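Numbering (my numbering), first residue to last: 3 to 343.
Below, the structure written as structure tokens:
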């Protein structure tokens, strides 16, 4: 199951504490887990016009390490040539992307809420590359049938474990060893499973297909492994090959443009036909607090510069200046940016 936010108050409080300590850097690297939230109309750090923090409409998470000797990472490997499934246990695993949640009212929103909260994690990885493994792992929500049921869970898991999905989620967070102690270790013949189950294995759900496409555009690929309880696909990418990480930039904020170094500033008086509008993710890391968003900036380029577009200079738009004031961004502040689209 996806590592989403739990409804259990005590577990929720513990998860939030872990994430706060992770951002402050007081936890061991392997234990660090980071939670990102996107808010409706966020203003400064207190929210729009001094009101309390804006309403949270989405979240995502990333863990520095997923799979250790103390807490192994489990997956179900599909061996297509042998026509079998078998439980796989990893004790030195990758970093982990999970917990992508967007309020139903904001799915398909013009501002691409889900895309923002999903991709901002890659900019965080770019800023703190030393926190993360060379491989990033992602789970995608599984296929559901026309009745909203998960075929793999209904036909294979529930008859053997007699646990509800909510119970499995709870044990995943609290007692993974107990959960997997009763999981079948023998090879599972694919041909022994109903056709509906086989066809659903490794297939993303209807509402998670967009999230899967976002990841594949960032060079994630299907590993041939699925979630042991719902058959949802597992994706992976080499951290260095993720475009949003490769194309990230460290810049210094100036109302007239971004400065990439002390000597390089935005060039002026470029021909109007060389101006293009493009959206960028931006982030600021200060005192253990990570904030960020999306804005449009004008990019100046010539035909000869097309290959190095992502390293080009910028002219900051009025909309971003307004947003910058809300977030307390000042001249000379260090920001990190990467292409959004």
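Backbone N, C-alpha and C fix where the C-beta goes; we use that ideal spot for every residue, glycine too.
Since this is a predicted model, take the numbers as computed values, not measurements.
CB contact flag (residue i, residue j, <8 Å)
{"i": "residue 140", "j": "residue 217", "result": "yes"}
{"i": "residue 77", "j": "residue 228", "result": "yes"}
{"i": "residue 320", "j": "residue 89", "result": "no"}
{"i": "residue 206", "j": "residue 255", "result": "no"}
{"i": "residue 181", "j": "residue 158", "result": "no"}
{"i": "residue 136", "j": "residue 241", "result": "yes"}
{"i": "residue 338", "j": "residue 251", "result": "yes"}
{"i": "residue 290", "j": "residue 27", "result": "yes"}
{"i": "residue 165", "j": "residue 13", "result": "no"}
{"i": "residue 154", "j": "residue 232", "result": "yes"}
Nearest to residue i (by Cα), restricted to the options the options
{"i": "residue 296", "options": "59, 25, 196 and 117", "result": "117"}
{"i": "residue 421", "options": "101, 80 and 144", "result": "Outside the shown range of the chain (3 to 343) lies residue 421, about which nothing can therefore be said."}
{"i": "residue 260", "options": "80, 75, 68 and 331", "result": "331"}
{"i": "residue 80", "options": "323, 225 and 252", "result": "225"}
{"i": "residue 318", "options": "87, 258 and 288", "result": "258"}
{"i": "residue 299", "options": "293, 285 and 281", "result": "281"}
{"i": "residue 107", "options": "193, 233 and 42", "result": "42"}
{"i": "residue 39", "options": "18, 235 and 119", "result": "119"}
{"i": "residue 83", "options": "193, 167 and 18", "result": "193"}
{"i": "residue 11", "options": "333, 156, 179 and 172", "result": "172"}
{"i": "residue 334", "options": "253, 150 and 156", "result": "253"}
{"i": "residue 73", "options": "294, 179, 189 and 285", "result": "179"}
{"i": "residue 114", "options": "160, 234 and 212", "result": "212"}
Nonlocal neighbours in the same chain, by C-beta distance under 7 Å from residue i, ignoring five residues either side
{"i": "residue 133", "result": "31, 34 and 66"}
{"i": "residue 71", "result": "93"}
{"i": "residue 185", "result": "89 and 230"}
{"i": "residue 287", "result": "129"}
{"i": "residue 109", "result": "116"}
{"i": "residue 210", "result": "142 and 143"}
Same chain, Cβ closer than 6 Å to residue i, five either side skipped, listed in chain order
{"i": "residue 271", "result": "In this prediction, residue 271 scores a pLDDT of 40, lower than 50, which makes its location untrustworthy; the coordinate-derived value is nonetheless stated afterwards. Here the set comprises nothing."}
{"i": "residue 37", "result": "21 and 63"}
{"i": "residue 24", "result": "34, 35 and 36"}
{"i": "residue 98", "result": "65, 68 and 139"}
{"i": "residue 214", "result": "142 and 206"}
{"i": "residue 75", "result": "68, 69, 92 and 95"}
{"i": "residue 131", "result": "none"}
{"i": "residue 285", "result": "125, 294 and 338"}
Chain-order list of residues whose beta-carbon lies under 8 Å from that of residue i (same chain, five-residue window excluded)
{"i": "residue 246", "result": "121, 124, 125, 128, 220, 283, 340 and 341"}
{"i": "residue 163", "result": "170, 184 and 185"}
Three-state secondary structure (DSSP) of residue i
{"i": "residue 69", "result": "coil"}
{"i": "residue 326", "result": "helix"}
{"i": "residue 137", "result": "strand"}
{"i": "residue 348", "result": "A question about residue 348 goes unanswered here, because the residues of the chain that appear run from 3 up to 343."}
{"i": "residue 59", "result": "strand"}
{"i": "residue 184", "result": "coil"}
{"i": "residue 47", "result": "Model confidence at residue 47 stands at a pLDDT of 36, short of 50, so the residue's coordinates are unreliable and nothing is read from them."}
{"i": "residue 113", "result": "coil"}
{"i": "residue 97", "result": "strand"}
{"i": "residue 319", "result": "coil"}
{"i": "residue 127", "result": "helix"}
{"i": "residue 166", "result": "coil"}
{"i": "residue 12", "result": "helix"}
{"i": "residue 245", "result": "helix"}
Supposed contact pair residue j and residue i - C-beta distance, whole angstroms, cut 8 Å
{"i": "residue 59", "j": "residue 91", "result": "Going by Cβ atoms, the distance from residue 59 to residue 91 rounds to 37 Å, so no, they are not a contact pair."}
{"i": "residue 223", "j": "residue 203", "result": "Not confirmed; about 16 Å, so no contact."}
{"i": "residue 208", "j": "residue 86", "result": "Not confirmed; about 28 Å, so no contact."}
Proximity test, residue i beta-carbon vs the ligand NAD heavy atom, cut-off 7 Å
{"i": "residue 216", "result": "This structure lacks the ligand NAD, and indeed carries no ligand of any kind."}
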